[in-house]
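Peer 1: Let me begin by handing over the structure; questions about it come next.
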Amino acid sequence: EAGFETSLFGRLVMLKFDKHLLNIQYRMNPCISLFPNAQFYERKILDGSNVLSPSYNKDYTCLPFGSYTFINVTDGREDKEGKGNSHRNMVEVAVVLHLIHTIFKSWKNRNQGLSIGVVSPYKAQVDAIKSRLGEKYDTCDGFHVRVKSTDGFQGEEDDIIILSTVRSNGRGVVGFLADNRRTNVALTRARHCLWIVGNAHTLYKSGTEWTELVADAERRKCVFSATNDATICKLVLQVKQELDELDDLLNADSAVFSNTRWKVILSDEFRKSFTKLKSPQLRKEVLQKLIRLGDGWRTTVKNLDIPGVSHLAKVYKVWNLYLVWSTDVEKTEGRYFQIIRVWDLLSQQNVARTVQRLENLFSMYTDDYLDHCRRVQTQGKLEVPMVWHIEHDIIRYNKDCKADAHEEHDLVDTSYAMENSKVSESFLLMKFYSLSSGVAKHLLTATDGSEIDIPFELTDEEQEIIQFPLTSFILGRSGTGKTTVLTMKLIQKEQRSLIASQGLHLGDDLSGLDHKNIMPLKDAGESSVKQVFITVSPKLCSAIKNHISGLKRFGTGDISGQPSILHMHDIMDDLDEFTEIPDNFCDLPHEHYPLTITYRKFLMMLDGTCRTSFFDAFYGEMKSSFERGHSRSRAVQTFIELKEVTYEKFAAFYWPRFNADLTKKFAASTVFTEIISHIKGAYQASRPCTGKLGRQDYVMLSDKRFSSLNNEKRDKIYDIFLEYESMKCTAKEFDLSDFVNSLHSSLVSEGYHGDMVDFVYIDEVQDLTMTQIALLKYVCMNIKEGFLFAGDTAQTIARGIDFRFEDIRSLFYTAFLAETEASNQGLKHGKKVHLSDMFQLSQNFRTHCGILRMAQSIMSLLYFFFPSSVDKLNPETGLVYGEAPVLLESDNDENVIMTIFGESKTKHGNLHGFGAEQVILVRDDAAKKQIIDLVGKQALVLTIVECKGLEFQ
Numbered sequence: 001e002a003g004f005e006t007s008l009f010g011r012l013v014m015l016k017f018d019k020h021l022l023n024i025q026y027r028m029n030p031c032i033s034l035f036p037n038a039q040f041y042e043r044k045i046l047d048g049s050n051v052l053s054p055s056y057n058k059d060y061t062c063l064p065f066g067s068y069t070f071i072n073v074t075d076g077r078e079d080k081e082g083k084g085n086s087h088r089n090m091v092e093v094a095v096v097l098h099l100i101h102t103i104f105k106s107w108k109n110r111n112q113g114l115s116i117g118v119v120s121p122y123k124a125q126v127d128a129i130k131s132r133l134g135e136k137y138d139t140c141d142g143f144h145v146r147v148k149s150t151d152g153f154q155g156e157e158d159d160i161i162i163l164s165t166v167r168s169n170g171r172g173v174v175g176f177l178a179d180n181r182r183t184n185v186a187l188t189r190a191r192h193c194l195w196i197v198g199n200a201h202t203l204y205k206s207g208t209e210w211t212e213l214v215a216d217a218e219r220r221k222c223v224f225s226a227t228n229d230a231t232i233c234k235l236v237l238q239v240k241q242e243l244d245e246l247d248d249l250l251n252a253d254s255a256v257f258s259n260t261r262w263k264v265i266l267s268d269e270f271r272k273s274f275t276k277l278k279s280p281q282l283r284k285e286v287l288q289k290l291i292r293l294g295d296g297w298r299t300t301v302k303n304l305d306i307p308g309v310s311h312l313a314k315v316y317k318v319w320n321l322y323l324v325w326s327t328d329v330e331k332t333e334g335r336y337f338q339i340i341r342v343w344d345l346l347s348q349q350n351v352a353r354t355v356q357r358l359e360n361l362f363s364m365y366t367d368d369y370l371d372h373c374r375r376v377q378t379q380g381k382l383e384v385p386m387v388w389h390i391e392h393d394i395i396r397y398n399k400d401c402k403a404d405a406h407e408e409h410d411l412v413d414t415s416y417a418m419e420n421s422k423v424s425e426s427f428l429l430m431k432f433y434s435l436s437s438g439v440a441k442h443l444l445t446a447t448d449g450s451e452i453d454i455p456f457e458l459t460d461e462e463q464e465i466i467q468f469p470l471t472s473f474i475l476g477r478s479g480t481g482k483t484t485v486l487t488m489k490l491i492q493k494e495q496r497s498l499i500a501s502q503g504l505h506l507g508d509d510l511s512g513l514d515h516k517n518i519m520p521l522k523d524a525g526e527s528s529v530k531q532v533f534i535t536v537s538p539k540l541c542s543a544i545k546n547h548i549s550g551l552k553r554f555g556t557g558d559i560s561g562q563p564s565i566l567h568m569h570d571i572m573d574d575l576d577e578f579t580e581i582p583d584n585f586c587d588l589p590h591e592h593y594p595l596t597i598t599y600r601k602f603l604m605m606l607d608g609t610c611r612t613s614f615f616d617a618f619y620g621e622m623k624s625s626f627e628r629g630h631s632r633s634r635a636v637q638t639f640i641e642l643k644e645v646t647y648e649k650f651a652a653f654y655w656p657r658f659n660a661d662l663t664k665k666f667a668a669s670t671v672f673t674e675i676i677s678h679i680k681g682a683y684q685a686s687r688p689c690t691g692k693l694g695r696q697d698y699v700m701l702s703d704k705r706f707s708s709l710n711n712e713k714r715d716k717i718y719d720i721f722l723e724y725e726s727m728k729c730t731a732k733e734f735d736l737s738d739f740v741n742s743l744h745s746s747l748v749s750e751g752y753h754g755d756m757v758d759f760v761y762i763d764e765v766q767d768l769t770m771t772q773i774a775l776l777k778y779v780c781m782n783i784k785e786g787f788l789f790a791g792d793t794a795q796t797i798a799r800g801i802d803f804r805f806e807d808i809r810s811l812f813y814t815a816f817l818a819e820t821e822a823s824n825q826g827l828k829h830g831k832k833v834h835l836s837d838m839f840q841l842s843q844n845f846r847t848h849c850g851i852l853r854m855a856q857s858i859m860s861l862l863y864f865f866f867p868s869s870v871d872k873l874n875p876e877t878g879l880v881y882g883e884a885p886v887l888l889e890s891d892n893d894e895n896v897i898m899t900i901f902g903e904s905k906t907k908h909g910n911l912h913g914f915g916a917e918q919v920i921l922v923r924d925d926a927a928k929k930q931i932i933d934l935v936g937k938q939a940l941v942l943t944i945v946e947c948k949g950l951e952f953q
């Protein structure tokens, strides 16, 4: 009421007494005064000649953080001491003490005085620092340290100021740090060095002067992440252990995980064992043990007494369980280094069996490899990983099992070179996960291992492809990791884009990102990169979509579960799965990217983007669907099901009506393939927009080396084609090639007006014709880097498709590169775009050698009888022994399926152990219906086409 909240000085100003601004500052190094001058004094303050002199700061240039640095400490936790209202942050206390000690070590060899001021706005923080500091430096003559609150430092100054901001939360709440007068006082106390310790993310989100300060420090490259200092990381872990705050280490930018000395990778078996632990405290205890192992700690306590154990397998006790691990060697970017491989977490009675299995595995290693694993290097009491820069490879296994059909079965010594165990128990086929804050968070919070969809370790082959920056082609038989490479490359691009789009959300260090370890992102905004993943099979598309979604959820810390693969009963070969995605590429909302769709959905979206739809010609026939209230998408889908000529319709309704003299020496499948893949599907067909090859051009294909049809046969097939086109026109029906060629025609004449895509990933590319692949060039102009094609011509099972990888490579040069370069789009600094050679994946991660041998014997027959139809690849390698597949023959016309499943198709539950890990495969839809009638919902039943790309136990 008396107005005493206004100071005497303030009253004089309000009464407009004359004032004079002293505009030259003689205290602060110009690096320190720069921000306060701009933020609080409208740049009216000038630096005095004394502080501008080179000699003013010459004695402080050797200090580790320079004149002005923001030290970003993300692992701190703000709390209130006792029942008081003042905040403290014990991690920042430890960091401040470390900084003082660092300065002292640098100063003690000099003969001059030095004063350090430790400032914090919170009394509890001041008290905590004073308590930990004690009288440690009181007897050091000339070295003075004082700790005060911001208010207590008003009017004071010191050579070096360390400012602890304390607040650390995800909401950006900073309390009275928001008072700009206090902020001004705190920032202007230092003569030579100002080091600000705080959580950049919290301060940046506050919307106060601190937002501007963090942004300014980032622009000036004055932000130092505490995660880059190994000593600070160790301090953080010690403080967290003391305060039982290990949960905080699960932050994406936690110093602990980004600075462990050792890389730690966890097996799938360990993951399953860990997620079964009920006690949260035991989970933390195991995690803490892993972190300590990664930091170089080793126990002196003797292992369990297991006879015949080498020094490679280690067994450490955690409560009443045992952690089994070993040292291994990994190659990255031309160098080899030691890593820790954690195999399992077991009860005592199960340790001996697992260790014996490991001994069997280690017996397969070469002596050179074992020698590198066993070497030990120490720093003080800690064990640190050894690194080798060597040109030759360190060979891991004595001998691989090559599934080569040219070798006689009894000449392949499988017992010596391979692991003799079930595929499901194989250490060699086991997935491994790199220990990171994200993986640790999922481990601590998941209740069931099946919920976790986290990125696993990749092989050198896979890493090479993912790191390859240009458009590339990947060949590999089933189970060699093609889809894994595509999805991991997509996720890597997605994450890089997210980090780039976050701007000043500090702590996410791009250099720390790699394809093996997807780091969770705070407040991830929208990714600016537009990526599309395309495959033909709806079921494979659904599985990939779920997998990518799971990896993205992992990146944002969400651990919600995945849909079961048994739900694939409900995924049909139509567009139902994509009803939420618009039928066009015009201004597609960002939440739809990365877009995972079937090729058929891609065609529908292209059609919706064109001004003239292919289906406009059939509008009258579809009108009744509109009138019944169906959407355009649903109406078109119903129309497609009714009017599209598939192979089944071609064979059943068209083939019997063709001239018998023409068809008598051909199979319906051969003619359908020639029509769809060559006459209407060859890329030359789409150039003049006529949608077909002329008779002469088609007949001349017999001169090419891969042709198995002579001129006479091709002439007859062309006659059948003309009859087919006439019948189809009369019936007002169409095939997929009509749709594709119509799109080419529309896009050439009208141009493409939809969103341009940055990256396109095509899985199972062998299921597409050349004209279908050529449509991709309209949506992505990033020819140099934007395409990744993966497939295997030995798995070309889509009806009407005849495909070789050399054809697609040739197509890419003619349809993509040549046309782009002609329009000067592909030229950069006068250099032409060069494509990679094809990558081949040959290590099979899915199955054992018994199955691989059979598969390779089939490939040998294909190479012999159809040498031009299949790309010849190196034989696959497998490391797990297995028997040949089993043939069940039934006696007396007994139905084997009925014998296995009985008469209980209406009963619920997974009888006979059938569940998501097993599948019954059948030839076609007719057989599928018969089997489903027998087994009901007891088992998943898929056709060969539907199961493409999926895997089961």
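For the sequence shown, full-length UniProt numbering puts the final residue at 953, and the numbers step up evenly by one.
Cβ atoms here follow ideal geometry from the backbone N, Cα and C, with glycine treated the same way.
The structure presented is a predicted model; accordingly, all values stated were derived computationally and were not measured.
#1: Helix, strand or coil for arginine 341, going by three-state DSSP, please let me know.
#2: From His389, Val532, Gly296, Thr332, pick the residue whose C-alpha is nearest to that of glutamine 379; which is it?
#3: Could you say if the segment 61-73 and the segment 108-120 meet the contact criterion of at least three C-beta pairs nearer than 8 Å?
#4: Starting from leucine 323, follow its DSSP beta bridges and name the residues at the other end.
#5: Since tyrosine 683 and threonine 771 should fall inside the 8 Å C-beta cutoff, what is the C-beta to C-beta distance between them, to a whole number of angstroms?
#6: Would you be able to state if there are at least three C-beta pairs under 8 Å between the segment 123-132 and the segment 88-97?
#7: With DSSP collapsed to three states, give me the class of glycine 878.
#8: Comparing alpha-carbon positions, which option in Phe468, Asp735, Asn228 lies nearest glutamate 333?
#9: Measuring CA to CA, which of Leu861, Thr483, Phe672 is closest to serine 542?
#10: On the DSSP bridge list, what partners appear for lysine 148?
#11: Expressed to the nearest angstrom, what Euclidean distance is found between the alpha-carbon atoms of aspartate 141 and leucine 52?
#12: What number of angstroms, rounded off, separates the C-alpha of glutamine 696 from the C-alpha of isoleucine 675?
#13: Leucine 775 to histidine 744, Cα distance in whole Å?
#14: Identify which residue in Val118, Arg846, Lys665 has its Cα closest to the Cα of isoleucine 717.
#15: Whose C-beta lies closer than 7 Å to the C-beta of leucine 852 among residues of the same chain, with five residues either side of it excluded?
#16: State yes or no: is the C-beta of asparagine 741 within less than 8 Å of the C-beta of aspartate 758?
#17: From the DSSP output, in three-state form, read off serine 857 for me.
#18: Kindly indicate which three-state DSSP category glycine 155 falls into: helix, strand or coil?
#19: Put alanine 939 into one of helix, strand or coil per three-state DSSP.
#20: Tell me the DSSP secondary structure of tryptophan 655 in three-state form.
#21: Have a look at Ala652, Gly681, His848, Leu942 and flag the residue whose alpha-carbon is nearest the alpha-carbon of alanine 667.
#22: Counting C-beta neighbours from all protein chains within 10 Å, is the total for leucine 861 16 or more, i.e. buried, or is it exposed?
#23: Taking arginine 27 as the reference, which of Ile161, Val485, Arg189 has the closest Cα?
#24: Within the same chain, show all residues whose beta-carbon is closer than 6 Å to that of aspartate 735, passing over the 5 residues directly before and after it, in chain order.
#25: Excluding sequence positions up to five away, which residues of its chain have a Cβ less than 6 Å from the Cβ of serine 225?
#26: Whole angstroms is fine: what's the gap from serine 564's alpha carbon to phenylalanine 432's?
#27: With respect to the beta strand (DSSP E) encompassing asparagine 72, which residues constitute its N-terminal and C-terminal limits?
#28: Does the distance from the C-beta atom of leucine 163 to that of leucine 194 stay below 8 Å?
#29: Which value, in whole angstroms, describes the spacing of the CA atoms of residue 955 and phenylalanine 812?
#30: Do you know offhand how far alanine 685's Cα is from isoleucine 679's?
#31: Thinking C-alpha only, which one of Asp393, Phe787, Gly791 is nearest leucine 768?
#32: Please report how far the alpha carbon of isoleucine 45 lies from the alpha carbon of lysine 489, in whole angstroms.
#33: Comparing alpha-carbon positions, which option in Phe4, Ile306, Gly155, Tyr68 lies nearest isoleucine 196?
#34: Quick one: grab the DSSP three-state call for alanine 682.
#35: Tell me, please, whether the CB atom of leucine 8 is closer than 8 Å to any CB atom in chain B?
Peer 2: So, to answer that:
#1: On the sequence shown, position 341 is the one that residue 341 refers to. If DSSP states are grouped into helix, strand and coil, arginine 341 belongs with the strands.
#2: Taking the sequence shown and counting its residues from 1, the one referred to as residue 379 is at position 379. It is Gly296.
#3: no
#4: Stepping through the sequence shown from its first residue, residue 323 is reached at position 323. DSSP, once it has assigned bridges, lists Tyr316, Leu345 as partnering leucine 323.
#5: Taking the first residue of the sequence shown as 1, we reach residue 683 at position 683. Taking the first residue of the sequence shown as 1, we reach residue 771 at position 771. With a Cβ gap of about 6 Å, tyrosine 683 and threonine 771 count as contacting.
#6: yes
#7: Here residue 878 corresponds to residue number 878 of the sequence shown, with the count starting at 1. Strand at glycine 878.
#8: Locating residue 333 in the sequence shown gives position 333, where the first residue counts as 1. If we check each option's Cα against that of glutamate 333, Phe468 comes out closest.
#9: Position 542 of the sequence shown, counting from 1, holds the residue named residue 542. Out of Leu861, Thr483, Phe672, Thr483 has the C-alpha closest to the C-alpha of serine 542.
#10: Your numbering for residue 148 matches position 148 in the sequence shown. Val119.
#11: Along the sequence shown, read from residue 1 onward, the residue named residue 141 stands at position 141. Along the sequence shown, read from residue 1 onward, the residue named residue 52 stands at position 52. If you take the alpha carbons of aspartate 141 and leucine 52, they lie about 29 Å apart.
#12: Position 696 of the sequence shown, counted from the start, is the residue given in the question as residue 696. Position 675 of the sequence shown, counted from the start, is the residue given in the question as residue 675. If you take the alpha carbons of glutamine 696 and isoleucine 675, they lie about 15 Å apart.
#13: Counted from its first residue, the sequence shown places residue 775 at position 775. Counted from its first residue, the sequence shown places residue 744 at position 744. Each residue's alpha carbon lies about 7 Å from the other.
#14: On the sequence shown, residue 717 is found 717 positions in, with the first residue counted as 1. That would be Lys665, whose Cα lies nearest to the Cα of isoleucine 717.
#15: Locating residue 852 in the sequence shown gives position 852, counting from the first residue. Ala403, Asn844, Glu876, Gly878.
#16: Residue mapping note: residue 741 aligns to position 741 of the sequence shown, counting from 1. Residue mapping note: residue 758 aligns to position 758 of the sequence shown, counting from 1. Taking 8 Å as the Cβ cut-off, asparagine 741 and aspartate 758 do not qualify as a contacting pair.
#17: Residue 857 sits at position 857 when you count from the first residue of the sequence shown. Reduced to three states, the DSSP call for serine 857 is helix.
#18: On the sequence shown, position 155 is the one that residue 155 refers to. Of the three classes helix, strand and coil, the one that applies to glycine 155 here is coil, per DSSP.
#19: For this step, residue 939 is matched to residue 939 along the sequence shown. In this structure, alanine 939 counts as coil in the three-state DSSP scheme.
#20: For the purposes of this step, residue 655 is taken as residue 655 along the sequence shown, with counting starting at 1. Of the three classes helix, strand and coil, the one that applies to tryptophan 655 here is helix, per DSSP.
#21: Taking the sequence shown and counting its residues from 1, one reaches residue 667 at position 667. Out of Ala652, Gly681, His848, Leu942, Ala652 has the C-alpha closest to the C-alpha of alanine 667.
#22: As a working note, residue 861 is residue 861 in the sequence shown. Exposed.
#23: Position 27 of the sequence shown holds residue 27. The option with the nearest alpha carbon to arginine 27 is Arg189.
#24: Residue mapping note: residue 735 aligns to position 735 of the sequence shown, counting from 1. These residues qualify, in order along the chain: Val645.
#25: Taking the first residue of the sequence shown as position 1, residue 225 is located at position 225. Around serine 225: Asn72.
#26: What you label residue 564 is simply residue 564 of the sequence shown in a count that begins at 1. What you label residue 432 is simply residue 432 of the sequence shown in a count that begins at 1. Legend: pLDDT at serine 564 = 44, less than 50; position of this residue unreliable, no value from coordinates given.
#27: If you number the sequence shown from 1, residue 72 lands on position 72. Looking at the DSSP string, the run of the beta strand (DSSP E) that includes asparagine 72 is 68-72.
#28: The count along the sequence shown starts at 1 and reaches residue 163 at position 163. The count along the sequence shown starts at 1 and reaches residue 194 at position 194. Yes, the Cβ-Cβ distance between leucine 163 and leucine 194 is below 8 Å.
#29: Missing from the structure shown is residue 955; the chain here goes from 1 to 953 and no further.
#30: For the purposes of this step, residue 685 is taken as the residue at position 685 of the sequence shown. For the purposes of this step, residue 679 is taken as the residue at position 679 of the sequence shown. Low confidence applies here, because alanine 685 scores a pLDDT of 49, under 50, leaving its location unreliable; read the following figure in that light. Those two C-alpha atoms are separated by around 7 Å.
#31: Taking the first residue of the sequence shown as position 1, residue 768 is located at position 768. Ranking Asp393, Phe787, Gly791 by Cα distance to leucine 768 puts Gly791 first.
#32: Residue mapping note: residue 45 aligns to position 45 of the sequence shown, counting from 1. Residue mapping note: residue 489 aligns to position 489 of the sequence shown, counting from 1. So the alpha carbons of these two residues sit roughly 52 Å apart.
#33: On the sequence shown, residue 196 is found 196 positions in, with the first residue counted as 1. Checked all of Phe4, Ile306, Gly155, Tyr68; the closest Cα to isoleucine 196 is Tyr68.
#34: Residue mapping note: residue 682 aligns to position 682 of the sequence shown, counting from 1. Alanine 682: coil per DSSP, three-state reduction.
#35: Checking the listed chains, one finds no chain B in this structure; it contains a single protein chain.
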